[in-house]
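Numbered according to this note's numbering, the sequence shown spans residues 585 to 688.
For each residue, glycine too, the CB sits at the ideal point set by N, CA and C.
Every value quoted in this text rests on a predicted model; they were computed, and no experiment measured them.
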Amino acid sequence: MLSENDLVDEIRALLSEKLLVEVESPDTDLLEGGILDSLTLVQLLVLLEERFELKFPMHELEIENLRSLHSIARLVASQEDSARAREIETDQAPSEPYIAMERI
585 MLSENDLVDE
595 IRALLSEKLL
605 VEVESPDTDL
615 LEGGILDSLT
625 LVQLLVLLEE
635 RFELKFPMHE
645 LEIENLRSLH
655 SIARLVASQE
665 DSARAREIET
675 DQAPSEPYIA
685 MERI
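1. So the candidates are 633, 642, 651 and 645; which of them puts its Cα closest to the Cα of residue 664?
2. Name the residue from 622, 635 and 608 whose alpha carbon lies nearest to the alpha carbon of residue 602.
3. State yes or no: is the C-beta of residue 652 within less than 7 Å of the C-beta of residue 611?
4. Buried or exposed for residue 620, going by 16 or more other Cβ atoms inside 10 Å?
5. Tell me, to the nearest whole angstrom, how far the beta carbon of residue 599 is from that of residue 628; I am working on the premise that it is less than 8 Å.
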């Protein structure tokens with residue numbers, strides 16, 4: 585798993601290379617500053633889902649989670665943690681259905 589700073593660098597690179605958006609500081613308010621609009625925000629979410637193999641639940645897509653590179657990095661990290669937890673649960677689940685049998 586990448587550190588928050590590494591995630592910030594990855595997100596900054598996606599913005600720069602794919603959306604042609606430059607962000608100077610990881611704390612810059614991307615929405616208030618007009619750096620991202622609704623279209624580029626959706627495009628960024630699609631790129632993040634593809635790059636990190638994630639799916640963002642709608643309830644996680646609060647505006648505060650998308651304001652800066654740092655907040656987006658935390659959102660990605662939390663989704664990676666959730667995905668990892670789901671994988672662990674799946675790995676621990678029985679691979680075949682368990683059927684209880686009564687003694688005759």
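Quick answer:
1. 633
2. 635
3. yes
4. Buried, since its Cβ has 16 or more Cβ neighbours within 10 Å.
5. 7 Å
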